[in-house]
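Data block below; observations after.
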Amino acid sequence: MQKPRLQVPDTDRREELEVKLARVRRWLEQTGARAVLVTDQGAFAWLTCGGDSHASLGQAEGTASVLVTLEHAFLLAANNELRRILDEEVAPLPFEPVTWPWYQPAAARAHVERLGAPGPVVSDLGQLGLSRAAASFATLRYTLLPPEIERYRQLGQDAAAALERRAPRLAPGSASATWPPSSRAAAWLTGSCRSSCWWRAARRKRKRS
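So the sequence shown is numbered by this note's numbering: it starts at 166 and just counts up by one.
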């Protein structure tokens, strides 16, 4: 089952991307890096204005990455994932696609080194043997843009409406797998289903605090 997705006009999403790329490039200039590879699922979603790269909720990295240089923004994925990501997750965004055969994962590093030359190239997760980006990279996501604030507000409204509609039909202690599809969709939206990434993220934060 796919998670419900808020619809964002293509023009707004492209404008939002330009602002975020500008932030990343200022960070590159400040840190002296030539490029940054963004692979973390949350960071990928932020940079692509809502794109979903996850294959497993149990790992930080997704199935696609974005390589940002001072002049370009590349979308990197193996050939068995690239078309889906382009069509379903980043369709209106002007990323330059880069791919390789899925059975040659080492090719990813070669592409990153070539596109990020003369370097240095860093990675948000330290992927592909690259140096990990400075902690300051995460701060680029701290200040929300107006479209992001609006999406959060819309999400809250949708979550409240979904919960009000479906909660009365659910029995205490029932497993989410037994819920009707409409109720599972509501659980994804509100984060009340334990299989949702929102619930897992909130749970991790509570454990750390």
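Cβ atoms here follow ideal geometry from the backbone N, Cα and C, with glycine treated the same way.
Phe-260 - DSSP class collapsed to helix/strand/coil: coil
Please state if the CB of Asp-289 and the CB of Ala-282 are separated by a distance shorter than 8 angstroms. no
What's the C-alpha gap between Leu-305 and Arg-188? 7 angstroms
With DSSP as the reference, label Asp-205 as helix, strand or coil. strand
Decide yes or no for the touch test of the region 313-328 against the region 223-232: beta carbon pairs closer than 8 angstroms, at least 3 of them. no
In three-state terms, what does DSSP make of Gly-227? strand
How would you call Val-201, buried or exposed, if buried means at least 16 neighbouring beta carbons within 10 angstroms? buried
Identify, in the order they occur along the chain, each residue of the same chain with its Cβ nearer than 6 angstroms to the Cβ of Lys-185, setting aside the five sequence neighbours on each side. Leu-212
Since Phe-260 and Ala-238 are thought to touch, with beta carbons under 8 angstroms apart, how far apart are those beta carbons, to the nearest angstrom? 5 angstroms
When the Cα of Val-255 is compared with those of Gly-216, Ala-303, Asp-177 and Pro-311, which residue comes out closest? Gly-216
Reducing DSSP to helix, strand and coil, say where Ser-288 ends up. strand
List the DSSP bridge partners of Leu-241. Ser-230 and Val-263
Ser-301, DSSP secondary structure in three states: helix
Which one of Thr-176, Gly-284, Leu-293 and Trp-192 has the shortest CA to CA distance from Ser-230? Leu-293
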